[in-house]
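Take a look at the structure below.
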Amino acid sequence: EAGVTQFPSHSVIEKGQTVTLRCDPISGHDNLYWYRRVMGKEIKFLLHFVKESKQDESGMPNNRFLAERTGGTYSTLKVQPAELEDSGVYFCASSQHLAADPIEQYFGPGTRLTVT
Amino acid sequence: RKEVEQDPGPFNVPEGATVAFNCTYSNSASQSFFWYRQDCRKEPKLLMSVYSSGNEDGRFTAQLNRASQYISLLIRDSKLSDSATYLCVVNIAGSYQLTFGKGTKLSVIP
Numbered sequence: 488e489a490g491v492t493q494f495p496s497h498s499v500i501e502k503g504q505t506v507t508l509r510c511d512p513i514s515g516h517d518n519l520y521w522y523r524r525v526m527g528k529e530i531k532f533l534l535h536f537v538k539e540s541k542q543d544e545s546g547m548p549n550n551r552f553l554a555e556r557t558g559g560t561y562s563t564l565k566v567q568p569a570e571l572e573d574s575g576v577y578f579c580a581s582s583q584h585l586a587a588d589p590i591e592q593y594f595g596p597g598t599r600l601t602v603t
Numbered sequence: 003r004k005e006v007e008q009d010p011g012p013f014n015v016p017e018g019a020t021v022a023f024n025c026t027y028s029n030s031a032s033q034s035f036f037w038y039r040q041d042c043r044k045e046p047k048l049l050m051s052v053y054s055s056g057n058e059d060g061r062f063t064a065q066l067n068r069a070s071q072y073i074s075l076l077i078r079d080s081k082l083s084d085s086a087t088y089l090c091v092v093n094i095a096g097s098y099q100l101t102f103g104k105g106t107k108l109s110v111i112p
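These protein sequence lines map, in sequence, to chains F and S. For reference, each letter of the first sequence is one residue, going 488 to 603 in the numbering used here. For reference, each letter of the second sequence is one residue, going 3 to 112 in the numbering used here.
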């Protein structure tokens with residue numbers, strides 16, 4: 488079974504530019520999550536989709552970040568305009584059932600974003 | 003105060019040693035607990051869930067003390083392949099977001 492995939496693996500952009508990250512969850516997983524790790528800090532939650540709906544976006548840092556999951560399959564995370572502090576590794580994760588206990592989230596390899 | 007605190011290490015241990023990692027969490031509403039393992043520049047992978055009664059998986063033993071809000075991971079007979087960063091992760095009741103510690107780095111030396 489294919490795992491969570493993310494594209495691109497690396498992205499280097501200049502401050503003020505736009506970048507779009509993509510995540511393909513494990514097939515059949517309704518729940519999709521975005522997390523971020525900035526240098527020297529812990530991995531932090533950004534948001535959670537159930538199918539195409541945003542269930543929890545309490546971790547989104549500001550309105551420069553826009554996440555979408557049209558059709559409830561893959562998701563995109565757009566950063567516009569990018570700032571230096573947005574640099575970090577963006578992880579996507581997915582899980583199968585909302586009622587599963589404990590929740591097992593499977594992580595993708597991450598996109599390493601560098602804003603210069 | 004951080005939500006999940008871990009000793010950052012690094013822990014450098016010889017092969018065959020026993021090593022223990024500790025973790026404390028601040029939110030008493032935390033309901034699910036995990037240890038994830040992360041290799042350098044890779045994604046976090048679930049190592050084991052942690053149950054109130056404690057649980058064991060081969061060389062790995064996890065313990066939870068809800069009263070003290072403390073979680074531990076014990077690795078016996080360390081292997082070179084155990085070298086990684088070990089992340090303590092909690093989930094709060096009513097939410098599906100995972101809260102991570104910064105991780106403890108383990109290096110097992112031949």
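Glycine included, every Cβ here is placed at the ideal spot set by N, Cα and C. The model shown is predicted, which means the values in this text are computed figures rather than measured ones.
Got a sec? Which residues, its chain only, sit under 6 angstroms from residue i by beta carbon, not counting five neighbours each side?
{"i": "F/Val499", "result": "Thr601"}
{"i": "F/Ser545", "result": "none"}
{"i": "F/Val525", "result": "Gly575"}
{"i": "F/Arg599", "result": "His497 and Val576"}
Out of the options, point me to the one whose CA is closest to residue i's CA.
{"i": "S/Leu48", "options": "S/Ser70, S/Arg39 and S/Thr63", "result": "S/Arg39"}
{"i": "S/Ser90", "options": "S/Arg78, S/Ile111, S/Ser55 and S/Ser32", "result": "What sits at residue 90 of chain S in the sequence shown is Cys, not Ser. Ranking the options by Cα distance to S/Cys90, first place goes to S/Ser32."}
{"i": "F/His497", "options": "F/Ala489, F/Val506, F/Gly490 and F/Val491", "result": "F/Val506"}
{"i": "S/Glu7", "options": "F/Ile530, F/Val525, F/Glu539 and F/Asp517", "result": "F/Ile530"}
{"i": "S/Met50", "options": "S/Pro16, S/Gly96, S/Ser74 and S/Val15", "result": "S/Ser74"}
{"i": "S/Ser70", "options": "S/Asn29, S/Ala22 and S/Lys81", "result": "S/Asn29"}
{"i": "F/Thr560", "options": "F/Pro495, F/Gly515, F/Leu508 and F/Trp521", "result": "F/Gly515"}
Pull up the CB-CB distance for residue i and residue j, whole angstroms please, since I reckon it's below 8 angstroms.
{"i": "F/Leu604", "j": "F/Arg556", "result": "The question about residue 604 of chain F has no answer, for chain F in this structure spans 488 to 603."}
{"i": "S/Lys107", "j": "S/Gly18", "result": "19 angstroms between Cβ atoms; not a contact."}
{"i": "S/Cys25", "j": "S/Gly103", "result": "6 angstroms"}
I'd like to know whether the C-beta atoms of residue i and residue j end up nearer to each other than 8 angstroms.
{"i": "F/Ala569", "j": "F/Gly503", "result": "yes"}
{"i": "S/Ser97", "j": "F/Asp543", "result": "yes"}
Among the residues of its own chain, which have a CB less than 7 angstroms from the CB of residue i, if the five just before and after it don't count?
{"i": "S/Asp79", "result": "Gly18 and Arg61"}
{"i": "F/Leu571", "result": "Lys502 and Val602"}
{"i": "S/Ala86", "result": "Arg39, Gln40, Asp41 and Leu108"}
{"i": "F/Ala594", "result": "A small correction: the amino acid at residue 594 of chain F is Phe; Ala does not occupy that position in the sequence shown. For F/Phe594, where only same-chain residues beyond five positions count, the Cβ hits under 7 angstroms are Val491, Phe578 and Ala580."}
Subject >> Against chain F: residues of the stretch 27 to 38 of chain S by CB proximity under 9 angstroms >> reply: Gln33, Ser34, Phe35, Phe36 and Tyr38
Subject >> Residues, ordered as in the chain, of the stretch 508 to 520 of chain F that lie near chain S by beta-carbon distance below 8 angstroms >> reply: Asn518 and Tyr520
**OP:** With 9 angstroms as the C-beta to C-beta threshold (strictly closer), list the residues of the stretch 75 to 106 of chain S near chain F in chain order.
**Re:** Leu89, Val91, Asn93, Ser97, Tyr98, Gln99, Leu100, Thr101, Phe102, Gly103, Lys104 and Gly105
Original post:
Just by C-beta distance, which residues in the stretch 560 to 578 of chain F are closer than 8 angstroms to chain S?
Top reply: Phe578
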